[in-house]
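*Asks:* Protein sequence lines correspond, in order, to chains Y and C.
Those letters in the first sequence? Residues 583 to 974, by the numbering used here.
Those letters in the second sequence? Residues 583 to 974, by the numbering used here.
Protein chains: 2
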Amino acid sequence: MSRITAVDLFYLAMPEIRDIGDGSQDCLLVRVEAGPYVGWGECEASPLTSIASFVCPMSHSACVSVRDSVVGQRIDSVEDVRRIGDLVRAKSLDLLQADHTLSGIDIALWDLLGKRLSEPVYRLLGHERAWPKRPYASVLFGDTPAETLAKAQAIRQKGFAAAKFGWGAYGRGSVQEDADQVHAAREGLGEESRLLVDAGTVWESDLDAALARLPALESARVTWLEEPFVSGAVDAYRRLAGSCRRVRLAGGEGSHNAWMARQMIAHGGLGYIQIDAGRIGGITPATDVARDANSARVTYVNHTFTTQLALSASLQPYAGLELHELCEYPLEASPLACGLTHEKLERDDAGQIRLPEEPGLGMSINLDTVRRYLQDVTIVVNGETLYRTPAI
Amino acid sequence: MSRITAVDLFYLAMPEIRDIGDGSQDCLLVRVEAGPYVGWGECEASPLTSIASFVCPMSHSACVSVRDSVVGQRIDSVEDVRRIGDLVRAKSLDLLQADHTLSGIDIALWDLLGKRLSEPVYRLLGHERAWPKRPYASVLFGDTPAETLAKAQAIRQKGFAAAKFGWGAYGRGSVQEDADQVHAAREGLGEESRLLVDAGTVWESDLDAALARLPALESARVTWLEEPFVSGAVDAYRRLAGSCRRVRLAGGEGSHNAWMARQMIAHGGLGYIQIDAGRIGGITPATDVARDANSARVTYVNHTFTTQLALSASLQPYAGLELHELCEYPLEASPLACGLTHEKLERDDAGQIRLPEEPGLGMSINLDTVRRYLQDVTIVVNGETLYRTPAI
Chain Y
583 MSRITAVDLF
593 YLAMPEIRDI
603 GDGSQDCLLV
613 RVEAGPYVGW
623 GECEASPLTS
633 IASFVCPMSH
643 SACVSVRDSV
653 VGQRIDSVED
663 VRRIGDLVRA
673 KSLDLLQADH
683 TLSGIDIALW
693 DLLGKRLSEP
703 VYRLLGHERA
713 WPKRPYASVL
723 FGDTPAETLA
733 KAQAIRQKGF
743 AAAKFGWGAY
753 GRGSVQEDAD
763 QVHAAREGLG
773 EESRLLVDAG
783 TVWESDLDAA
793 LARLPALESA
803 RVTWLEEPFV
813 SGAVDAYRRL
823 AGSCRRVRLA
833 GGEGSHNAWM
843 ARQMIAHGGL
853 GYIQIDAGRI
863 GGITPATDVA
873 RDANSARVTY
883 VNHTFTTQLA
893 LSASLQPYAG
903 LELHELCEYP
913 LEASPLACGL
923 THEKLERDDA
933 GQIRLPEEPG
943 LGMSINLDTV
953 RRYLQDVTIV
963 VNGETLYRTP
973 AI
Chain C
583 MSRITAVDLF
593 YLAMPEIRDI
603 GDGSQDCLLV
613 RVEAGPYVGW
623 GECEASPLTS
633 IASFVCPMSH
643 SACVSVRDSV
653 VGQRIDSVED
663 VRRIGDLVRA
673 KSLDLLQADH
683 TLSGIDIALW
693 DLLGKRLSEP
703 VYRLLGHERA
713 WPKRPYASVL
723 FGDTPAETLA
733 KAQAIRQKGF
743 AAAKFGWGAY
753 GRGSVQEDAD
763 QVHAAREGLG
773 EESRLLVDAG
783 TVWESDLDAA
793 LARLPALESA
803 RVTWLEEPFV
813 SGAVDAYRRL
823 AGSCRRVRLA
833 GGEGSHNAWM
843 ARQMIAHGGL
853 GYIQIDAGRI
863 GGITPATDVA
873 RDANSARVTY
883 VNHTFTTQLA
893 LSASLQPYAG
903 LELHELCEYP
913 LEASPLACGL
923 THEKLERDDA
933 GQIRLPEEPG
943 LGMSINLDTV
953 RRYLQDVTIV
963 VNGETLYRTP
973 AI
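1) Assess contact between the stretch 853-867 of chain Y and the stretch 832-842 of chain Y, defined as three or more Cβ pairs (one per stretch) separated by less than 8 Å. Is contact present?
2) According to DSSP, is C:Pro912 part of a helix, a strand, or is it coil?
3) Skipping 5 residues on each side, what residues in its chain have a beta carbon closer than 7 Å to that of Y:Asp658?
4) By the three-class DSSP mapping on this structure, what secondary structure does Y:Asp931 have?
5) Quick check on Y:Ser632: buried or exposed, where buried means 16 or more other Cβ atoms within 10 Å of its Cβ?
6) Let me check understanding here. Comparing Cα to Cα, which of Y:Asn964, Y:Thr951, Y:Asp604, Y:Tyr911 lies closest to Y:Tyr718?
7) So the beta strand (DSSP E) Y:Gln758 belongs to, where does it begin and stop?
8) Can you tell me whether C:Pro899 is buried or exposed? The criterion is at least 16 other CB atoms within 10 Å of its CB, across all chains shown.
9) Chain Y partners of C:Val816, CB-CB under 7 Å?
10) Counting C-beta neighbours from all protein chains within 10 Å, is the total for Y:Ser628 16 or more, i.e. buried, or is it exposed?
11) Would you grab the beta carbon distance between Y:Leu778 and Y:Arg803 for me? Rounded to a whole angstrom, and I think it's under 8 Å.
12) When you check each C-beta in the stretch 669-683 of chain C against every C-beta of chain Y, which residues fall closer than 7 Å?
13) Strictly below 9 Å CB to CB, what residues from chain Y border C:Cys920?
14) Closer than 9 Å by beta-carbon distance: list the chain Y residues that pair up with C:Gln957, in chain order.
15) Please name the residue in C:Thr951, C:Cys638, C:Leu937, C:Ser720 whose C-alpha comes closest to that of C:His924.
16) Interface residues of chain C around Y:His885 at Cβ under 9 Å?
17) Could you tell me whether the Cβ of Y:Ser628 comes closer than 9 Å to any Cβ of chain C?
18) Against Y:Met842, what residues of chain C qualify as contacts under a CB-to-CB distance less than 7 Å, listed in chain order?
19) At a Cβ threshold of 9 Å, is Y:Glu786 touching chain C?
20) In its own chain, which residues sit with a C-beta less than 8 Å from the C-beta of Y:Asn948, not counting the 5 before and 5 after it?
21) Opposite Y:Pro702 in the DSSP bridges: which residues?
22) Could one say the Cβ of Y:Ala892 lies closer than 9 Å to chain A's Cβ atoms, at least one of them?
23) Specify the secondary structure class of Y:Arg828 as computed by DSSP and reduced to three states.
24) Mind listing which residues of the stretch 641-662 of chain C have their C-beta closer than 7 Å to chain Y's C-betas, in chain order?
25) Where does Y:Gly667 fall in DSSP's three states?
26) Of all the residues that make up the stretch 847-865 of chain Y, which are near chain C by a beta-carbon distance shorter than 9 Å?
27) Any idea what DSSP makes of C:Pro639, helix, strand or coil?
28) Would you check if the stretch 673-680 of chain C and the stretch 638-648 of chain C touch, i.e. whether three or more CB-CB distances between them fall below 8 Å?
29) Is Y:Asn876 close to chain C, meaning its C-beta is less than 9 Å from at least one C-beta of that chain?
30) Does C:Ala923 come out as helix, strand or coil in the three-state DSSP assignment?
31) Report the residues of the stretch 607-622 of chain Y with a CB closer than 7 Å to any CB of chain C, ordered along the chain.
32) Y:Pro810 to Y:His765, Cα distance in whole Å?
33) Among Y:Trp841, Y:Val660, Y:Ala792, Y:Lys715, whose alpha-carbon lies nearest the alpha-carbon of Y:Ala761?
34) Taking the runs of the beta strand (DSSP E) that are 3 residues or longer, which of them lie wholly in the stretch 817-888 of chain C?
35) Please report the residue range of the alpha helix (DSSP H) in which C:Tyr900 lies.
36) Could you tell me if the beta carbon of C:Glu808 falls within a distance shorter than 8 Å of some heavy atom in the ligand SAH?
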């Protein structure tokens, strides 16, 4: 029998953080140890805030630090991973950040368990095999249509059959400016590629603002419009979906538990549910959502804009769902994100991404990268050091 | 024109925090200053985690510290309060804890604005008058039915016409043990009082577990069963509601934005929606939910288990809704919570609670209490002190 002997959080960041929609500029890396076994995970979260949620003093019986529910727990089987997640959710019910913090821990627990049982994670999840996924190149819109055109042409030259453009000024300017951006992306990709557009919640819940952009999206044959609204605005999603002809709606990356994703699946009229395993509480709830989406005939897609470790984690939950064939593939990640792992999930000759068959997540951490970008953090309460950046 | 010149967070805690469901054992107090004007608010949140979310370094354009969206902003009108909240939600989209942190800031902004405009907050919210509310005494179940009986008898002697028992062992033991607790509460209160039961999400989403407790709740003529499930399990709520005869369901305190509460109102079959202004993002979204609940014929109730400052804040959003007449009234709050304000909202001769007619929230802070329970916190990142407990 093994118990969790240590959980260490490492806050990594680029020297300069730019005020753009690039989520790969920092990273909260999680290392879990159980005797001789080690697993790695990653939270898609504000690192300092998640560190605080991991070490904070208890407020009451349902607002307890994440650490209290994890360190010392038994970890022998997949049931233990689920039990630990349930414990964190119950004991940290009123600790909002806990879901983001749990995410990286859950991922690390699956990695650890896979290594210990000599199985890739997807097989521990019950998937017989990992179907290859078709990656879409995920990039930010250019500052101008000309820049977007050039980005799209470069993606086409790299052989991607699908690409997503998002954030930047999209949705903030005029309807015509947004249309110009979308058409530039379509022109650069050519007629054959799948084009996806990510509005990054820019219209919050403003149905009319979204409806005004639909004609350009339809005429550019966009496969999905992603996050026109915030995750909670489920009714606005459903009403917009009712006005779409060929365009489908995608959303859900903001889900920090499986319940939120289920609400979007049940009531949002989505074509695609996008789950970030680094936010929803890890691989465990992500896998539950993938199963539910499949039953509801909504297509599951990973949300990943950071490291290859996160990419591997994000693909495990739906590895066995053959028809859910697309995957997000970050193409402009920071040197930190690109350098975090020795392995990289490259496209094969057919242009597809395959999960590693090695145990766990199949990724090893480049400790030089960790040392290079490691932030030095100290949190002291009443003279007691609750957190100090651990040695690597 | 005024700008927000300072926002200070004070982490207060009792010397000993017990592992029970008493949320009044600590407190994150917020002070906002705009030139000569000062407002006070409170987050119902893990204090250390919310402090971190207030000062954390930027991760990307949608994961920015709460402070960045607040300090320096204009605060002249009610529209400014709404604008600041929208800004925090947009700039901290991926910073999960931000909603809890914003809550105390929004409350403090309303208090500040009320003082500056010499109006009680409820009037700034558009309520012509503040209707008195009927307080229910809110306490934890005793460890045994005999203890619960004694608690209920004491509440009756104090003249409360309604009381809520919650948490403790309720829902964790056998169906018979839970029934004994509920009947003990009814016996102690007498036949005339309204009895409310709070399951504290104990069954997560287990419909059968909840159904098994219904007969005892019906026979004890319980007005509402609160939080049988976690906030996200909206379908389970609706299905349980379909099996209730006279008992109504109550829930929603976990809502950390208005969207979550709206989902519960629209799809959960609730009789009562319970909103904690210290969690949902403050008085602003709580007021939106109160209006929506009223339209949907769901009764709005405050959720408050901490200080009198939080109690005043929690009553403002539905002060003008005459038919929404119940209010939660914490009866076992800690010395910290009881001593935080000079004023106390006591029952009048008719046994009802009336909001202060003084400007803002009508509560003044006892600085001696703040000094007595103040926790000393330091957060340092790369040699830079991002937070140090401010002087009071």
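C-beta atoms are modelled at their ideal positions from N, C-alpha and C, and glycine is treated no differently.
*Replies:* By the coordinates alone:
1) yes
2) Along the second sequence, read from residue 1 onward, the residue named residue 912 of chain C stands at position 330. Reduced to three states, the DSSP call for C:Pro912 is strand.
3) Stepping through the first sequence from its first residue, residue 658 of chain Y is reached at position 76. Excluding positions up to five away in sequence, the list reads Met583, Ser584.
4) As a first step, residue 931 of chain Y must be located in the first sequence, where it is residue number 349. The answer is coil: DSSP assigns Y:Asp931 none of H, G, I, E or B.
5) By 1-based counting over the first sequence, the position of residue 632 of chain Y is 50. The residue is buried, with at least 16 neighbouring Cβ atoms inside 10 Å.
6) The sequence position of residue 718 of chain Y within the first sequence is 136, counting from 1. For Y:Tyr718, the nearest C-alpha among the options comes from Y:Tyr911.
7) Position 176 of the first sequence, counted from the start, is the residue given in the question as residue 758 of chain Y. Note, Y:Gln758: premise wrong, no beta strand (DSSP E); alpha helix (DSSP H) at 757-771.
8) To locate residue 899 of chain C, count along the second sequence from 1; it is residue 317. Counting Cβ neighbours within 10 Å, C:Pro899 comes out buried, since at least 16 surround it.
9) What you label residue 816 of chain C is simply residue 234 of the second sequence in a count that begins at 1. Chain Y residues near C:Val816: Gln845.
10) Numbered from 1 along the first sequence, position 46 holds the residue referred to as residue 628 of chain Y. Flag for Y:Ser628 reads buried.
11) Against the first sequence, residue 778 of chain Y aligns to sequence position 196. Against the first sequence, residue 803 of chain Y aligns to sequence position 221. Actually they do not touch by this definition, with Cβ atoms about 11 Å apart.
12) Leu675, Leu677, Leu678, Gln679, Asp681, His682
13) The residue you call residue 920 of chain C lines up with position 338 of the second sequence. Result: empty, since nearest Cβ-Cβ is about 16 Å, beyond 9 Å.
14) In the second sequence, residue 957 of chain C corresponds to position 375, counting from 1. Here the neighbours are Pro639, Val963, Asn964.
15) Within the second sequence, numbered from 1, the residue matching residue 924 of chain C stands at position 342. It is C:Thr951.
16) Sequence index remark: in the first sequence, residue 885 of chain Y carries index 303 (1-based). Those within 9 Å of Y:His885 in chain C number zero; the least Cβ separation is about 11 Å.
17) As a position in the first sequence, residue 628 of chain Y is number 46, starting the count at 1. True, the Cβ-Cβ gap to chain C drops below 9 Å.
18) Within the first sequence, the letter at position 260 stands for residue 842 of chain Y. Per Cβ cutoff of 7 Å: Gly814.
19) Taking the first residue of the first sequence as position 1, residue 786 of chain Y is located at position 204. Chain C, which has a Cβ nearer than 9 Å to the Cβ of Y:Glu786, makes this yes.
20) Working through the first sequence from its first residue, we reach residue 948 of chain Y at position 366. Around Y:Asn948: Gly921, Leu922, Thr923, His924.
21) Numbered from 1 along the first sequence, position 120 holds the residue referred to as residue 702 of chain Y. In the DSSP output, where bridge partners are listed per residue, Y:Pro702 has Y:Gly942.
22) Within the model displayed, chain A is absent; protein chains Y and C are what it includes.
23) As a working mapping, residue 828 of chain Y is identified with position 246 in the first sequence. Of the three classes helix, strand and coil, the one that applies to Y:Arg828 here is coil, per DSSP.
24) Ser641, His642, Ser643, Ala644, Cys645
25) Within the first sequence, the letter at position 85 stands for residue 667 of chain Y. Reduced to three states, the DSSP call for Y:Gly667 is helix.
26) Ala848, His849, Arg861
27) Taking the second sequence and counting its residues from 1, one reaches residue 639 of chain C at position 57. Coil at C:Pro639, not helix or strand.
28) yes
29) Position 294 of the first sequence, counting from 1, holds the residue named residue 876 of chain Y. With 9 Å as the cut-off, Y:Asn876 does not count as an interface residue toward chain C.
30) Indexing the second sequence from 1 puts residue 923 of chain C at position 341. Rather than Ala, the amino acid found at residue 923 of chain C in this sequence is Thr. Strand at C:Thr923.
31) Gln607, Asp608
32) Taking the first residue of the first sequence as 1, we reach residue 810 of chain Y at position 228. Taking the first residue of the first sequence as 1, we reach residue 765 of chain Y at position 183. Using only the alpha carbons, I get a separation of about 18 Å.
33) Working through the first sequence from its first residue, we reach residue 761 of chain Y at position 179. Closest by alpha carbon: Y:Ala792.
34) 830-833, 854-857, 881-884
35) On the second sequence, position 318 is the one that residue 900 of chain C refers to. Unbroken run through C:Tyr900: none, as it is neither H nor E.
36) In the structure shown, the ligand SAH is absent, as is every other ligand, since no ligand is present at all.
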